[in-house]
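Asks: Submitted below is the structure of interest, expressed as structure tokens.
In the numbering used here, the protein residues as written are 37 to 919.
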């Protein structure tokens with residue numbers, strides 16, 4: 037009977053025979069680290085804490101250099117084993133005594149079975165259909181040649197390390213295990229690396245993933261064959277094992293899979309993409325029974341778990357929801373225990389002579405170059421470039437969990453000894469570790485051909501460009517990129533789309549019931565702003581989903597082309613666009629959080645958008661201040677306005693850094709819209725408020741206000757704020773002291789003000805006056821533009837404390853109708869600084885505001901936030917200009 041089945045039966049006997057023991061625990065002198073067969077839980081918890089702590093510690097640092105998690109788990113096991121920590125006197129006997137290993141083996145085997153179930157569930161055979169000719173050629177060559185060279189390598193390894201110590205070991209079995217270990221590609225690790233370095237949406241990534249699927253399936257078949265041959269006492273028994281195993285595979289793949297899909301459709305939530313309790317129970321029973329059956333017939337139980345994963349239907353995200361319910365418990369608790377057991381069997385101290393290290397070098401060389409050269413040549417045959425072929429070869433050479441499983445099975449069966457096992461574990465670490473650096477070297481980001489580029493560029497074909505020659509600050513916008521990462525931001529996104537959309541529809545005659553631009557014979561064509569030429573509004577929506585370390589994120593990342601059609605957030609916006617005559621094109625990216633700014637700027641550049649819109653809805657509250665918004669969400673565009681503790685302050689600074697990087701890397705105008713849910717009055721007529729201080733950002737804000745007022749239901753107030761010389765200067769020492777307290781947070785590079793020389797000031801003032809007079813003085817205008825200007829109240833205010841005066845005016849506006857305040861970020865080329873007045877405002881209102889706030893949304897926006905103004909806020913930044 038198999039090991040897994042025996043362990044379960046032995047555990048049941050030990051529980052049945054359990055006698056009442058001393059219950060006083062540590063108060064009766066109990067040592068928690070002592071092995072107690074009647075109560076192994078205490079020591080198991082200690083071991084689990086040590087294992088998880090070591091794994092997480094290593095993952096934190098190795099993740100910074102973009103190494104997959106499996107590296108930290110393997111290295112953690114080696115460190116805790118006899119190679120390093122085991123050399124500390126008493127450590128192994130205290131934490132990992134030999135009598136406790138069976139309990140750890142049982143839980144790790146259960147975890148491994150369910151992890152392989154997730155791997156099988158993640159395996160999508162449909163991937164092979166994508167570039168199937170190239171992928172099948174690469175897969176076959178990347179398996180056949182390494183298997184042959186691995187078999188050749190096994191012969192001298194057997195003669196040097198196995199035959200002198202265990203001459204009875206079957207040479208053929210040893211050759212088979214070494215060939216499989218050298219030839220197999222770790223599909224789970226391959227998925228993680230492709231996702232981490234953003235290759236899943238490239239042809240290289242798709243072909244490699246499809247080749248990895250074929251390689252993985254054949255690898256598992258070879259592993260099952262090897263285990264069956266080793267466990268069978270005679271050749272006839274091995275034949276029986278293989279035939280029964282084949283029958284069980286067919287039984288699962290056809291009748292069980294059909295029955296499972298039928299039950300899931302009728303009662304299991306397949307149509308909703310959410311498994312019910314019935315389906316979860318059925319799934320767990322199927323996995324356990326499948327592992328049990330493959331174990332008792334002489335094949336490893338993990339093969340049963342893998343087969344059970346192939347049964348799950350991949351419809352409506354059902355498989356992803358199933359993974360989400362299981363993955364954390366398995367990958368964080370159980371799976372590291374398996375690597376720990378592998379580490380206990382690994383003794384690097386045995387690698388103590390030149391011959392051993394020479395063979396390690398030979399193993400690494402053969403394993404890497406057999407994969408690299410065969411896959412490289414196959415890729416070249418199918419027309420890939422040198423760099424692309426090199427990247428494919430490097431990716432296919434990665435090892436990891438699958439090879440470790442093969443090695444453990446071989447060690448357990450007595451085919452490998454501890455020395456050869458340690459040699460192959462070290463080779464697996466080296467080859468997996470070098471995969472990411474090699475791929476980044478051969479195939480850097482700047483030369484990649486992302487599939488999303490072509491899709492996005494094609495999606496906007498046929499949309500009329502605004503005439504060239506009109507400057508960015510003078511023309512109205514027609515191409516917008518909208519960034520969404522949460523469903524909660526949909527109301528804010530719709531508000532933004534409605535504000536920018538209606539004026540254009542009214543003026544372009546995009547549909548039959550819309551009026552076109554008025555034709556006035558006495559108006560000089562040259563004086564009509566080019567923005568009012570017929571132009572279809574285009575909304576390019578980028579849905580961002582965080583790529584975490586979870587397997588569910590990897591499963592999503594493999595099916596981006598399906599998700600972009602099924603994502604509920606994007607579908608809502610598509611429907612909204614159809615109902616409101618908006619051209620909505622959607623794309624989706626699954627990337628790490630730290631790469632959000634890069635993806636946003638790349639998306640805007642790819643689709644040629646004129647402005648990036650970032651809607652951000654604050655969570656519903658009881659009317660609390662903006663500065664007190666919650667930070668409970670893990671979304672990257674959330675929670676930067678609160679600093680109630682040191683931890684929250686650090687989190688707020690990190691979130692603010694995401695926004696600042698978005699602003700800093702923007703290749704087009706950008707607007708951050710902070711919606712408090714008060715921007716849509718009952719009468720449907722929002723009111724805008726623009727404090728115009730001057731500078732390129734404020735000039736852009738003025739242009740946007742006029743554009744939004746093309747909507748007949750929108751009104752606005754534009755106030756030109758003139759700062760007078762202060763009558764009483766703020767004490768410099770007090771301000772400096774406040775600034776030190778105010779700035780005591782995580783520091784990031786900041787945008788800088790322009791040089792305040794006479795020429796810069798004159799240029800900016802001139803541009804401000806031109807922009808202001810363009811709408812405040814009489815002149816030839818189209819009918820729509822004249823109507824828009826008539827709905828705007830232009831005022832001028834002069835004050836020595838402009839921020840204080842702005843707050844007074846905002847309070848007056850809020851008493852009747854809470855406005856949407858539009859401000860320029862003014863972190864580039866600003867002609868005025870309000871730092872000291874902002875510090876004074878914060879002190880007057882007893883507001884604890886992070887120093888990141890004004891660096892992120894500007895000093896004017898920070899003043900509104902710090903004082904809790906009852907407004908929604910739009911912060912705009914013009915693309916870098918010289919004035």
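Note that the Cβ used here is the ideal one computed from N, Cα and C, for glycine as well.
Answer with yes or no whether the minimum CB distance from residue 88 to chain C is below 8 Å.
Replies: Absence of chain C from the displayed structure is noted, only one protein chain being present.
Asks: For the beta strand (DSSP E) that residue 577 lies in, which residues bound it at each end?
Replies: Residues 574-582.
Asks: Taking the CB atoms as reference points, tell me whether residue 344 and residue 326 lie closer together than 8 Å.
Replies: Yes, these two residues count as a Cβ contact at 8 Å.
Asks: Decide yes or no for the touch test of the region 573-590 against the region 350-360: beta carbon pairs closer than 8 Å, at least 3 of them.
Replies: Output reads yes: the region 350-360 touches the region 573-590.
Asks: Can you give me the start and stop residues for the beta strand (DSSP E) that residue 644 sits inside?
Replies: Unbroken run through residue 644: none, as it is neither H nor E.
Asks: Is DSSP giving residue 586 helix, strand or coil here?
Replies: Correct three-state label for residue 586: coil.
Asks: Pairing CB atoms from the region 313-322 with CB atoms from the region 367-379, are three or more of them under 8 Å?
Replies: No, because fewer than three Cβ pairs between the region 313-322 and the region 367-379 fall closer than 8 Å, the two stretches do not touch.
Asks: Can you give me the Cβ contacts of residue 68 inside the same chain, cut-off strictly under 6 Å, excluding the 5 residues immediately before and after it?
Replies: Once the five neighbours on either side are set aside, the close Cβ partners of residue 68 are 78.
Asks: Using a 10 Å radius around the Cβ and a threshold of 16 neighbouring Cβ atoms, would you call residue 858 buried or exposed?
Replies: That one is buried.
Asks: I need the DSSP call for residue 828, collapsed to helix, strand or coil.
Replies: Correct three-state label for residue 828: strand.
Asks: Whose CA, out of 515, 157, 178, lies closest to the CA of residue 594?
Replies: It is 157 whose Cα lies nearest to the Cα of residue 594.
Asks: On the three-state DSSP scale, how would you describe residue 234?
Replies: Residue 234: coil per DSSP, three-state reduction.
Asks: For residue 913, write down the residues that DSSP places opposite it in a beta bridge.
Replies: Its beta-bridge partners are 706.
Asks: Rounded to whole angstroms, what's the CA-CA distance from residue 892 to residue 861? Just pull it up for me.
Replies: C-alpha separation (whole angstroms): 8 Å.
Asks: Can you name the residues that DSSP bridges to residue 711?
Replies: According to DSSP, residue 711 bridges with 653.
Asks: Roughly how many angstroms separate the alpha carbons of residue 97 and residue 406, rounded to a whole number?
Replies: When rounded, the distance between both Cα atoms is 31 Å.
Asks: Our contact map puts residue 211 next to residue 190 with C-beta atoms below 8 Å; I'd like the distance itself, whole angstroms only.
Replies: Indeed they touch by this definition, with Cβ atoms about 4 Å apart.
Asks: In whole angstroms, what separates the C-alpha of residue 398 from that of residue 392?
Replies: Looking at the two C-alpha atoms, the distance is approximately 10 Å.
Asks: What's the C-alpha gap between residue 461 and residue 381?
Replies: Distance between the alpha carbons of residue 461 and residue 381: 10 Å.
Asks: At what residues does the beta strand (DSSP E) containing residue 623 begin and finish?
Replies: Residues 619-627.
Asks: Jot down the residue ranges of each uninterrupted alpha helix (DSSP H) in the region 123-190, minimum 4 residues, whole runs only, in chain order.
Replies: Segments of the alpha helix (DSSP H) lying fully in the region 123-190: 127-131, 137-158.
Asks: Give, in chain order, every unbroken run of the alpha helix (DSSP H) that is at least 4 residues long and sits entirely within the region 365-407.
Replies: DSSP runs (the alpha helix (DSSP H)) wholly in the region 365-407: 371-381.
Asks: Thinking just about the alpha-carbon of each residue, which of 131, 362, 446, 483 is nearest to the one in residue 205?
Replies: Ranking the options by Cα distance to residue 205, first place goes to 446.
Asks: What are the boundary residues of the alpha helix (DSSP H) that residue 318 is part of?
Replies: Run containing residue 318: 313-332, per the alpha helix (DSSP H) assignment.
Asks: Please report the distance separating the alpha-carbon of residue 605 from that of residue 611.
Replies: Going by the C-alpha atoms only, they are around 10 Å apart.
Asks: For residue 809, which of helix, strand or coil comes out of DSSP?
Replies: Helix.
Asks: What do you get for residue 521, buried or exposed, if any count of 16 or more other CB atoms within 10 angstroms of its CB means buried?
Replies: With 16 or more Cβ atoms within 10 Å of its Cβ, residue 521 is classed as buried.
Asks: Let's test the definition: count the other Cβ atoms within 10 Å of the Cβ of residue 873 and tell me whether it reaches 16, buried, or not, exposed.
Replies: Looking at its Cβ environment, which holds 16 or more other Cβ atoms inside 10 Å, residue 873 is buried.
Asks: Rounded C-beta distance between residue 436 and residue 224? I'm assuming under 8 Å.
Replies: Confirmed, about 7 Å.
Asks: By the three-class DSSP mapping on this structure, what secondary structure does residue 853 have?
Replies: Three-state result, residue 853: coil.
Asks: When you compare each of 515, 710, 483, 274 to residue 238 by their alpha carbons, which one comes out closest?
Replies: Out of 515, 710, 483, 274, 483 has the C-alpha closest to the C-alpha of residue 238.
Asks: Thinking C-alpha only, which one of 822, 241, 400 is nearest residue 420?
Replies: That would be 241, whose Cα lies nearest to the Cα of residue 420.
Asks: Mapping DSSP to helix, strand and coil, what is residue 881?
Replies: DSSP places residue 881 in coil when its eight states are reduced to three.
Asks: Within the same chain, show all residues whose beta-carbon is closer than 7 Å to that of residue 772, passing over the 5 residues directly before and after it, in chain order.
Replies: In this predicted model, residue 772 has a pLDDT of only 40, less than 50, meaning its place in the structure is not dependable; the value taken from the coordinates is given anyway. Answer for residue 772: no residue qualifies.
Asks: Are there 16 or more other CB atoms within 10 angstroms of the CB of residue 493, so buried, or fewer, so exposed?
Replies: Because residue 493 carries a pLDDT of 34, less than 50, the predicted location of this residue cannot be relied on, and no value is offered for it.
Asks: What whole-angstrom Cβ distance do residue 710 and residue 584 have, given they're in contact under 8 Å?
Replies: Their Cβ separation, rounded to whole angstroms, is 26 Å, which puts residue 710 and residue 584 out of contact at 8 Å.
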